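J.: Here it is, the structure in full.
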Amino acid sequence: MSLSKRSAYGTALFAFAGAIFCALNATQNLDVICITTGCEIFKDISVFGISLWWFGTALFLTLALLNLLNYQKTALLLALSAVIIDLGFLLLMIFTAPCVPCLAFAAILFVLFFMQCSVLKRPAILVLPILIIWTLLFTPNIFSTINEQIGTWAIYGNQQADVQVFFSPSCTACKSLIPKLSQKDSGNIAYYPIAETDEDIERIFLMQNAINDESSMYVAFNRAIRGTADSISVPLRTRLQLQWNLFRNKSKLASMGVTRIPVLITNGVPSSLLSNEEKQGTKGDELDFNDDFSGCTDDSTEPCE
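Whatever position you read off the sequence shown (first residue = 1), add 1244 for our numbering.
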């Protein structure tokens, strides 16, 4: 068997692996790797009611078949066209949100294109421009994924709380807001500290110690505010860990374009703003990216108000 024939079989095998990957995503058997918000946005996109993952499956199976039947030039043209189309999708993710399975698909497709060029011994002049453009579009998505996975650090409360409060111990407005919120806290508020000064780190350390001693957020915050930061000694390892966690929180606000605190992020309507009747009958709506518009039509008999 010639070397080029062996390369064609290797390319066909790799394409078949790509088809399996797409089929598993189409049947939602790889949801475990959907760890970014982009997955929720893109996973249900379809054309004529057919998931894009099935189109990916068909693409890779076609490439595998073309290589097995010795139609490498046709396979190269198809792979090149698919990579160019996928470049547009990578650009879209930069301006929306990264999707881990989609990035894996892009990587598999590009490697397959490179292997296809190697089978036909195409010069670098064909691969290099595509490689440069692909790298420029792929890299920002990787950094966005890493940034999203860094996440935030709540000093108190559940990460999935309906209300998220970003505050600083040295913020004048925070000194008034946090006691009011925490005094009537129903357990549905998460608190995310931000350090504006070195003194804030000491006060957040005091707050964390109080919370570790099972104090409420109300008691911990007031104890930190009234404490003397000069007398607080923070161990080096603890300080470094605190600085990292506080950096995560500040990065989250920066990614949202927020430069002032306090910041309140709500998921739905906080129960404190609802009447008793509304509290009993209201739950936060979930976005359904599959729903079509279901409003008034020309045939509707009910008023559209």
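The beta carbon of each residue, even a glycine, is placed where N, CA and C say it ideally should be. Since we're looking at a predicted model, the values are computed, not measured.
Cβ of ARG1467 less than 8 Å from any chain B Cβ?
T.: Structure shown: chain B not included; a single protein chain is present.
J.: Bridge partners for PRO1567 per DSSP, in chain order?
T.: Missing from the structure shown is residue 1567; the chain here goes from 1245 to 1549 and no further.
J.: Should the segment 1409-1418 be regarded as contacting the segment 1503-1510, the criterion being three or more beta carbon pairs within less than 8 Å?
T.: Result yes; three or more Cβ-Cβ pairs closer than 8 Å.
J.: Pull up the distance between the alpha-carbon of PRO1437 and that of ILE1509, whole angstroms please.
T.: Distance between the alpha carbons of PRO1437 and ILE1509: 14 Å.
J.: Using CA atoms only, rank isn't needed, just tell me which of GLU1392, ASN1432, GLN1487 and PRO1373 is closest to ASN1511.
T.: For the residues GLU1392, ASN1432, GLN1487 and PRO1373, the minimum Cα distance to ASN1511 belongs to ASN1432.
J.: With distances taken Cα to Cα, identify the nearest neighbour of LEU1375 among LEU1324, LEU1305 and GLN1485.
T.: Nearest C-alpha to LEU1375: LEU1324.
J.: What residue from ASN1489, TYR1435 and LEU1381 has the CA that sits closest to VAL1407's CA?
T.: With distances taken between Cα atoms, VAL1407 lies closest to TYR1435.
J.: Whole angstroms is fine: what's the gap from GLN1404's alpha carbon to LEU1296's?
T.: GLN1404 and LEU1296: Cα-Cα distance of roughly 31 Å.
J.: Whose C-beta lies closer than 8 Å to the C-beta of PRO1479 among residues of the same chain, with five residues either side of it excluded?
T.: If we look at PRO1479 and ignore the five residues flanking it on each side, it has no Cβ neighbours.
J.: Where DSSP assigns a beta bridge to LEU1372, which residues make up the other side?
T.: None; LEU1372 has no bridge partner.
J.: Grouping DSSP H, G and I as helix and E and B as strand, with all else coil, what is THR1510?
T.: Of the three classes helix, strand and coil, the one that applies to THR1510 here is strand, per DSSP.
J.: Taking only the alpha-carbon atoms, compute the straight-line gap between LYS1244 and TYR1462 and give it to the nearest angstrom.
T.: The structure shown has nothing for residue 1244, since the chain only spans 1245 to 1549.
J.: Roughly how many whole angstroms lie between the Cα atoms of ASN1273 and ALA1348?
T.: Whole-angstrom Cα-Cα distance: 15 Å.
J.: Anyone know if the C-beta pair for LEU1425 and PHE1382 falls short of 8 Å?
T.: Their beta carbons are not under 8 Å apart, which means LEU1425 does not touch PHE1382 by this criterion.
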